[in-house]
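The structure appears right after this line, and notes come after that.
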Amino acid sequence: MPICVCVNNDILFFGGCCYNHHKNIISSGVFKYSIRENEWTICYNTLPSPLGSCFAVLNEDNTYVHIIGGCNEEMDPVSTHMRIQVNEWLTKGILKNATDLYFEEEEKQKNETEMYNISNIFSFVFFFLIVLYSSTKKVH
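So the number in this note's numbering is just where the residue sits in the sequence shown, counting from 1, plus 1445.
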């Protein structure tokens, strides 16, 4: 599962891991869920490296998020400490609506090859977003 922090009316999700086809998948992705707009967006900026099972906390004035610890792609524990500006992920210029991004990628793949199976990517993204969405239901 990804870690998350709530800033105003937005929830930021960082990294995370899931088990798929007998393999652990660790993400470096950053996602935003707008409570007010009921909308998911995918951030162009990602974590410097894939990270799962970590912890995040905001500083006092909600300007920085500290991401601490976790595990890497081999599921080995890491002693990570990242201090990242929240605006880096909340600025509209670096965010893309998840649906728009999916359709742009789908069109790109169709142009590259007709034999590419986009349904596998859609299934993975859909599964990952469902996992993220269900984790927001548990966090209050």
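Ideal Cβ placement from N, Cα and C applies to all residues, glycine included.
- Task: Using only alpha-carbon positions, find the residue among 1523, 1491, 1481 and 1494 that is nearest to residue 1451.
- Result: Nearest of 1523, 1491, 1481 and 1494 to residue 1451, Cα basis: 1481.
* Considering only residues of the same chain and omitting the five flanking positions on each side of residue 1534, which have a CB-CB separation below 7 Å? -> 1457, 1475, 1477, 1488 and 1490
**Asked** Where does residue 1532 sit, in a helix, a strand or coil, going by DSSP?
**Response** Secondary structure at residue 1532: helix, using DSSP grouped into helix, strand and coil.
Query raised in the report: Between residue 1558 and the rest of its own chain, which residues show a CB-CB distance below 8 Å, the 5 nearest in sequence each way excluded?
Result: Low confidence applies here, because residue 1558 scores a pLDDT of 48, under 50, leaving its location unreliable and the question unanswered by this model.
- Quick one: Cα of residue 1527 to Cα of residue 1455, how far? 20 Å
Own chain, CB closer than 8 Å to residue 1524, minus 5 neighbours either side, in chain order
1514
*In three-state DSSP terms, what is residue 1466?*
coil
*Where does residue 1496 fall in DSSP's three states?*
coil
- Query: In angstroms, rounded to a whole number, what distance separates the CA positions of residue 1479 and residue 1486?
  - Reply: 8 Å
Margin query: With a threshold of 6 Å on Cβ separation, who are the neighbours of residue 1511 within its own chain once the five nearest residues in sequence on each side are excluded?
Written below: Result list for residue 1511: 1502 and 1528, in chain order.
- Sequence-distant residues of the same chain with beta carbon closer than 8 Å to residue 1539, five excluded per side: Bear in mind that the predicted position of residue 1539 carries a pLDDT of just 49, short of 50, making it unreliable; the figure below should be weighed with that in mind. Cβ within range, chain order: 1488, 1489, 1490 and 1533.
| message | For residue 1560, count the other beta carbons within 10 Å of its own beta carbon; 16 or more makes it buried, fewer makes it exposed. Which is it? | response | Any reading at residue 1560 must be qualified, since the residue scores a pLDDT of 43, below 50, and its modelled position is unreliable; the value itself is stated next. Counting Cβ neighbours within 10 Å, residue 1560 comes out exposed, since fewer than 16 surround it.
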